[in-house]
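> I'd like to ask some things about the structure below.
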Amino acid sequence: DVAGHFFFLTVFFGFQLALAALFAFPPDITLLKKERAAGLYRLSAFFVARTAVDTLTACLVPPLTAVLYYPLVGLRPAAFPLHCLAVLLSGLVAHSLGLALGACVMDLKKAATSQTILILVNMAAAGYYVSRVPFGLRWLQTISFIRFAYALLAKLEFRGTTYRCDAAPAPGRCPAADHDALDLVDMDHPLRLDFLALLAFFAAFRLLAYLGLRLNAR
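Under this note's numbering, the first residue of the sequence shown is numbered 1391, with each subsequent residue one higher.
The following block contains the structure:
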């Protein structure tokens, strides 16, 4: 149940924050072209100003929501600060993906369709619904930010813990890492690498958003 909760969080915030960010650039692109032609400001100044407020308001939602659900679900108190950081990073990545799509695809219908497809592919490659990914599609796991976010949340909560089960080496207890829901989560994989992977996604999507906006604002 807890693993399912973590997966739901990453998917829910992925859809919501990416969709909200789609609308950051397309409505302003005509005005942006005119003002840039008049030399009023640099594109980088517009980009930073336009994304800063949206990022602050949108990506504070996951950690603030965590304050509510964390005690209700009964998660480990010691992991709360890192848990909030993990959902914040996951939200930043999803928001940046929406910015990149909105900057590269100015048609909102096409951008929304592309976003849905990308998020669904990320879901399938994350390893919760599909535990045996075909060999030819395993490369998708390396570009699934949902997979890294889900694995990070799972490791923060379950690493070194046990759960009550029927068959176990010790009476009534099994290692949490052996549960079917965590088949594709490598509990020995360092946490810092998952954090770094999410930061890399964030930086790559932001750069793509800037380059897409630069191309479409000519």
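For each residue, glycine too, the CB sits at the ideal point set by N, CA and C.
None of the values given here were measured: they were computed from a predicted structure.
If you run the structure through DSSP and keep just helix, strand and coil, what is arginine 1466?
Taking the sequence shown and counting its residues from 1, one reaches residue 1466 at position 76. Coil.
> How would you label leucine 1586, buried or exposed, when you count the other beta carbons within 10 angstroms and need 16 or more for buried?
The residue you call residue 1586 lines up with position 196 of the sequence shown. So leucine 1586 counts as exposed.
> Run through DSSP, which three-state label would proline 1580 get?
Position 190 of the sequence shown holds residue 1580. It is coil, neither helix nor strand.
> If you follow the beta strand (DSSP E) that arginine 1687 is part of, which residue opens it and which one closes it?
Residue 1687 falls outside the range modelled here, since the chain spans only 1391 to 1608, and no answer is possible.
> Counting pairs of beta carbons, one from the region 1397-1416 and one from the region 1497-1505, are three or more of them closer than 8 Å?
Counting C-beta pairs closer than 8 Å gives three or more between the region 1397-1416 and the region 1497-1505, which meets the contact rule.
> What are the complete alpha helix (DSSP H) segments, minimum 4 residues, inside the region 1415-1481?
Annotation: the region 1415-1481 contains the following complete segments of the alpha helix (DSSP H) (minimum length 4 residues), in chain order: 1419-1427, 1433-1449, 1451-1463.
> Just the Cα atoms here: how many angstroms apart are leucine 1489 and cysteine 1555?
As a working mapping, residue 1489 is identified with position 99 in the sequence shown. As a working mapping, residue 1555 is identified with position 165 in the sequence shown. Near 44 Å, if we compare the C-alpha coordinates of cysteine 1555 and leucine 1489.
> With a threshold of 6 Å on Cβ separation, who are the neighbours of leucine 1482 within its own chain once the five nearest residues in sequence on each side are excluded?
As a working mapping, residue 1482 is identified with position 92 in the sequence shown. So the qualifying residues of the chain are Cys1449, Phe1592.
> By DSSP, does methionine 1513 sit in helix, in strand, or in coil?
As a position in the sequence shown, residue 1513 is number 123, starting the count at 1. The answer is helix: DSSP assigns methionine 1513 an H, G or I state.
> Would you mind stating whether arginine 1596 and leucine 1433 have Cβ atoms separated by less than 7 Å?
Here residue 1596 is taken as the residue at index 206 of the sequence shown, counted from 1. Here residue 1433 is taken as the residue at index 43 of the sequence shown, counted from 1. In this structure, leucine 1433 does not lie closer than 7 Å to arginine 1596 by Cβ.
> Between which two residues does the alpha helix (DSSP H) containing threonine 1400 stretch?
Taking the first residue of the sequence shown as position 1, residue 1400 is located at position 10. Looking at the DSSP string, the run of the alpha helix (DSSP H) that includes threonine 1400 is 1392-1411.
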